[in-house]
Amino acid sequence: MLMDKETTARPDERDVLGISRLGLAVGSGERATPLLAGVTVRVGRGETVGLVGESGSGKSLTARTALGMLPPGARATGRVTVSGVDVLAAGRRTLRDLRRTRVSMIFQDPRASINPVRRIGDYLTEGLRARGVPARAAAGQALDLLDRVGIRDPRAAVRRYPHQFSGGMLQRVVIAGALSTEPELLLADEPTTALDVTTQAEVVGLLRNLQRDHGTGMLFVTHDLDLAAAVCDRVYVMYAGRIVEEAPGASLFAAPAHPYTKALLEASPSVHGDKAAIKAIAGRPRSLAESPSGCSFRDRCPLAGDDCAERVPAHRPHGASATACLRPEQVMP
Amino acid sequence: MTLTIPALRAATAGRRRRRPLGVTLAVAFLALATVTAVLAPVLAPHPPDATSLLNSLAPPGTEGHPLGTDSTGRDVLSRIMYGARLSLLAPLGVVLLSGLLGTAVGLLAARAGGWADAVLSRGMDIVFAFPSLLLAMLVVAVFGPGLTAPICALAVGYTPFVGRVVRSMAIQEGARPYMECYRVMGFGEWSVALRHLLPNMLPVLLAQSALAFGYALVDLAALSYLGLGVRPPDADWGSMIAEARSAILQGEPWSGLLPGLAVILTVVSVNVLGEHLGGAVSGKQRAGT
Amino acid sequence: MTMARSLAAWLGRRALAALVTLLVASILIYGSLRLVPGDPVLAVTGGRRLTPDQIAALRAGYGLDRGLVQGYLEWLGGVLRLDLGTSLTYQSGVTTLLTGRLGVSGLLVAYSAVLAIAFGLAVALVSAVKGGLVDRAASIVAALTTATPTFVAAIGLLALFAVGLGWFPATGAGTGLAGRLWHLTLPAVAMAIAAFGVLARVGNAAFAGELGREHVEVARSRGVSGGAIIRRHVVRNALAPLLTIAGLLVASLFVGTAVVETAFGVDGVGSLLVSSVSRRDFPVVQGIALVAVALFVLVNTLVDLALPFIDPRVTVGGLSR
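Chains as they are written, first to last, in our numbering: chain A, 30 to 362; chain B, 179 to 467; chain C, 4 to 324.
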């Protein structure tokens with residue numbers, strides 16, 4: 030496998046999340062299926078970082094790796110650290126302690142995230158009880174948490190079951206649960222995708238406020254480039270198991286430096302610019318296993334040339350971005 | 179979500195690829211059993227009722243009696259081969275009858291709806307409340323020992339087993355757009371049901387039938403074991419086991435254990451086959467949605 | 004207030020449905036006697052010469068001297084007073100015959116149910132959690148045991164443990180609790196084997212299904228320990244479907260006693276049923292059949308009633324609890 034040259038930000042010991050040259054594959058030998066290659070992502074303390082890509086690009090997989098949750102039969106290479114703890118090398122006990130105290134994850138579908146036969150209060154105290162908080166104290170904290178995420182009448186709410194809540198309310202409960210352990214790193218995996226648009230805005234706002242108050246670093250995984258650009262300090266764009274571009278959230282719209290980023294921007298209807306026609310990206314998204322040699326995007330890329338097939342392009346700076354493209358100057362906004 | 183799912187799929191695909199070995203073995207065993215039953219007069223080394231008191235309770239491996247002899251010196255292999263005839267034919271009768279009855283009741287309930295559906299469904303619930311072996315014993319009490327009445331009783335007893343599935347599938351399929359199409363095209367309700375609904379349900383019916391075959395075989399053999407089923411000189415595997423009771427207490431269990439093994443292998447085989455058919459069906463439905 | 008009332012209404016409806024099922028079943032059980040082709044008495048006596056007095060007594064015993072409806076109503080009236088009629092062979096009340104044997108058979112069913120449920124669910128859970136080779140081995144064991152009928156299991160156990168090794172007695176029900184349990188162990192195991200297989204398979208599917216749910220992964224992502232996840236999320240959530248299956252199995256064990264009690268020479272309700280069927284002692288057969296169906300309906304109704312309390316998503320009369 031060709032390796033990307035590492036040019037993007039070097040992992041810093043103070044980072045809450047440092048993923049460096051992460052590779053992931055299931056199976057072994059001839060039948061091994063690669064899922065991720067050379068993924069490098071870092072999240073600083075209190076920073077909000079977006080990880081954007083189509084479904085199947087490996088963004089959720091990357092986020093889960095930060096928790097040490099690999100798919101069954103998967104083998105990882107590279108290095109993943111959370112607050113200085115080496116996740117890939119960690120034993121069961123270390124991982125469990127890490128999950129109990131330092132990292133929380135919010136999943137896409139709140140309705141699937143909470144056990145349907147247990148009460149809401151139970152969900153909230155579960156994480157606290159796992160850290161060893163006594164039952165009475167945990168119950169008190171649960172009320173507090175619900176209040177903080179804006180749920181009215183927490184006393185009644187803790188006694189209810191998930192099916193008695195709306196999706197948006199449930200996602201608030203999930204966020205409350207994730208914050209219950211006061212984590213240093215929050216992994217949010219499409220936290221708003223299952224919600225309707227108005228609720229989305231509320232939930233994003235809530236996440237931002239809480240994160241700011243606690244100084245929590247957040248990795249915000251989404252397929253929505255606009256949302257990521259609006260919310261995040263920095264954004265990583267992922268395609269077919271690789272990071273193709275890293276850019277500050279603000280400059281993504283103005284100056285995409287990878288043809289895939291540009292294509293993503295053009296594929297989504299925008300309220301910012303004029304009413305330019307929405308352009309679908311030709312072809313269908315690839316996974317790493319089925320992508321062509323060299324640049325994974327070249328078979329769908331309008332700028333592709335013969336040189337793109339030679340090797341996986343290394344990340345190099347272009348404007349405010351770091352891009353894995355050989356001709357970023359031809360990528361026009 | 180994203181990539182964990184293909185990974186899981188790869189894992190289950192591996193399991194599915196291994197599965198057919200069991201299915202192949204099951205089909206092979208059932209074919210062997212069927213051939214043996216049909217050709218018993220040709221294949222059996224001895225007449226099934228040729229007694230020889232001098233050669234009773236011979237262990238398996240005895241010359242001329244590969245599976246030994248029972249307490250009256252009859253050849254166990256030959257008796258298993260002949261016993262297969264009734265042991266397999268009787269459950270087949272149950273399955274055919276209950277399949278017909280269940281399909282009719284299920285289709286009727288689904289197409290008629292309303293009151294008729296409520297009464298038929300409730301009726302199936304009530305039949306379901308009778309354990310099948312109890313039903314079989316009830317009719318034996320009425321008609322005396324034999325297999326004919328229990329076959330009919332079990333057919334009624336297994337009707338809900340088929341009828342409930344047919345009913346729910348007919349309601350489901352009936353609601354699909356293509357069924358509406360046929361109706362608009364002017365096909366009659368029953369002709370649509372017979373020509374389009376039934377073929378679609380056939381795999382499920384076959385799967386249910388295979389499982390019902392196993393249950394019926396066990397119930398009928400149990401009845402014979404209790405002395406309430408086949409009458410001598412006829413024999414099935416259940417009655418062979420009953421006849422071996424005294425031999426077992428004497429420490430010579432083979433003439434009872436071997437027909438027992440035949441029952442187990444047959445039931446395992448039809449269960450594996452039924453589950454495979456059922457699994458293939460649900461897989462297809464999943465792919466369709 | 005309205006919730007309590009709707010709960011009461013729902014309970015009432017479920018109880019009524021169970022009663023209707025029982026009533027229709029009782030008509031079927033009583034009516035089956037009248038299906039006998041020709042004169043039932045002649046069929047029963049099998050051509051033996053009987054005095055007119057004896058024939059009249061038999062006719063009265065079978066209730067044939069009354070009309071179908073009248074006879075049924077009288078029988079039902081008796082049933083409601085716990086009088087199931089008089090046995091034709093034992094010359095004593097069916098109720099007395101049954102109550103004397105229900106202790107042994109009840110213990111046998113309970114013993115067997117405990118074995119099947121405990122071992123079945125334990126194997127199901129371990130195989131679902133461990134996966135891999137353990138899972139494959141367990142599924143093969145489950146497939147074989149599911150296909151092992153009680154009477155085959157009975158003779159196998161008899162040959163190995165009673166005759167071969169001599170660890171357990173071959174016949175009888177024993178005296179005293181310890182002796183009784185010792186005597187009933189082989190029969191209980193014989194009955195439990197098939198039920199064990201079914202529970203191991205169904206349980207494995209249920210547990211594996213729950214293990215794959217996202218809320219289990221979420222709990223894992225929060226550092227909840229493996230034991231707590233299995234207890235609070237996997238077992239707890241699989242309880243409802245498993246209770247339904249277990250209820251069906253336990254109810255069917257009662258009729259299964261017919262086979263094991265015959266095989267092991269235990270004098271219980273099951274062996275009474277078999278001997279009464281072969282002697283065509285209708286009042287006894289009717290009585291036992293009614294008890295078996297009533298037990299089935301009772302267990303299933305109780306399970307149904309328990310479900311909303313186990314799974315809050317199951318609604319009671321349109322309102323969730």
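Just so you know, even glycine gets a beta-carbon here, dropped at the ideal spot from N, CA and C.
Just to confirm my understanding: we take residue i, look at its own chain, exclude 5 residues before and 5 after, and list those with CB closer than 7 Å. What are they?
i, result
"Asp227 of chain B", "Arg252 and Pro411"
"Val3 of chain C", "Outside the displayed span of chain C (4 to 324) sits residue 3 of chain C, for which this structure offers no information."
Using the Cβ count rule (16 or more neighbours within 10 Å means buried), how would you classify residue i?
i, result
"Phe194 of chain A", "buried"
"Met267 of chain A", "buried"
"Cys359 of chain B", "exposed"
"Asn144 of chain A", "buried"
"Pro237 of chain B", "exposed"
"Tyr356 of chain B", "exposed"
"Ala276 of chain A", "buried"
"Trp368 of chain B", "exposed"
"Thr180 of chain B", "With a pLDDT of 34 at Thr180 of chain B, under the threshold of 50, the modelled position of this residue cannot be trusted; read the value that follows with caution. Buried."
"Pro357 of chain A", "buried"
"Met315 of chain B", "buried"
"Asp182 of chain A", "exposed"
"Val117 of chain C", "exposed"
"Met259 of chain B", "buried"
"Ala12 of chain C", "exposed"
"Phe339 of chain B", "buried"
"Asn303 of chain C", "buried"
"Pro219 of chain B", "exposed"
"Arg84 of chain C", "exposed"
"Val362 of chain B", "exposed"
"Met361 of chain A", "exposed"
How long is the line joining the alpha carbons of residue i and residue j, rounded to whole angstroms?
i, j, result
"Ala176 of chain C", "Met194 of chain C", "15 Å"
"Thr130 of chain A", "Val201 of chain B", "50 Å"
"Ala103 of chain A", "Asp173 of chain A", "39 Å"
"Lys88 of chain A", "Arg315 of chain A", "13 Å"
"Val334 of chain B", "Val305 of chain B", "8 Å"
"Gly323 of chain A", "Gly270 of chain A", "13 Å"
"Leu80 of chain A", "Tyr190 of chain A", "32 Å"
"Gly250 of chain C", "Leu305 of chain C", "9 Å"
"Gly75 of chain A", "Gly244 of chain A", "4 Å"
"Arg263 of chain B", "Gly123 of chain C", "34 Å"
"Val344 of chain B", "Gly392 of chain B", "20 Å"
"Leu163 of chain C", "Ala203 of chain C", "24 Å"
"Arg43 of chain A", "Gly197 of chain A", "34 Å"
"Leu232 of chain B", "Glu241 of chain B", "14 Å"
"Val260 of chain A", "Gly348 of chain A", "21 Å"
"Thr222 of chain A", "Val178 of chain A", "19 Å"
"Arg289 of chain B", "Cys330 of chain B", "26 Å"
Hey, residue i and residue j are a contact pair by Cβ (cut 8 Å); roughly how many whole angstroms apart?
i, j, result
"Ala394 of chain B", "Val283 of chain B", "With 8 Å as the limit, Ala394 of chain B and Val283 of chain B do not qualify as a contact, their Cβ atoms being about 18 Å apart."
"Ala125 of chain C", "Phe210 of chain C", "Not confirmed; about 11 Å, so no contact."
"Thr154 of chain A", "Ala141 of chain A", "Contact doesn't hold; Cβ gap of about 20 Å is too wide."
"Met379 of chain B", "Thr337 of chain B", "With a Cβ gap of about 16 Å, Met379 of chain B and Thr337 of chain B do not count as contacting."
"Gly405 of chain B", "Ser29 of chain C", "With a Cβ gap of about 28 Å, Gly405 of chain B and Ser29 of chain C do not count as contacting."
Between residue i and the rest of its own chain, which residues show a CB-CB distance below 6 Å, the 5 nearest in sequence each way excluded?
i, result
"Val97 of chain C", "Leu87, Gly88, Ser90, Pro286, Val287 and Gly290"
"Leu124 of chain A", "Gly97"
For residue i, which residues in the same chain have their Cβ closer than 8 Å to its Cβ, ignoring the five residues on either side in sequence?
i, result
"Gly438 of chain B", "Trp415 and Ile419"
"Thr182 of chain B", "Low confidence applies to Thr182 of chain B: its pLDDT is 40, below 50, so where it sits in the model is not reliable enough to give any reading."
"Tyr265 of chain A", "Val70, Val78, Gly79, Leu80, Val81, Ile272, Glu274 and Glu275"
Who are the neighbours of residue i on chain E, taking C-beta pairs under 8 Å?
i, result
"Ser228 of chain C", "Absent from the structure is chain E; the protein chains it does hold are A, B and C."
At least 3 beta-carbon pairs within less than 8 Å: the segment 185-199 of chain C vs the segment 252-261 of chain C: Counting C-beta pairs with one atom in each stretch, the segment 185-199 of chain C and the segment 252-261 of chain C have three or more that are closer than 8 Å, which means they touch.
Meets three-Cβ-pair contact criterion under 8 Å: the segment 325-343 of chain A and the segment 283-297 of chain A: Touching, yes, given that three or more Cβ pairs across the two stretches are closer than 8 Å.
Cβ contact (3+ pairs, closer than 8 Å) linking the segment 134-153 of chain C and the segment 272-286 of chain C: The segment 134-153 of chain C is not in contact with the segment 272-286 of chain C.
Segment contact, 8 Å Cβ cut-off, at least three pairs: the segment 306-316 of chain B with the segment 239-252 of chain B: Because the criterion of three Cβ pairs below 8 Å is not met, the segment 306-316 of chain B and the segment 239-252 of chain B do not touch.
Stretch-stretch touch, CB-based, cutoff 8 Å, three pairs: the segment 50-58 of chain A with the segment 100-114 of chain A: Contact between the segment 50-58 of chain A and the segment 100-114 of chain A is present, because at least three Cβ pairs lie under 8 Å.
Cβ contact check for the segment 240-255 of chain A and the segment 205-225 of chain A: 3 or more pairs under 8 Å: Touching, per the Cβ criterion.
Contact the segment 397-407 of chain B vs the segment 146-154 of chain C: 3+ CB pairs below 8 Å: The segment 397-407 of chain B is in contact with the segment 146-154 of chain C.
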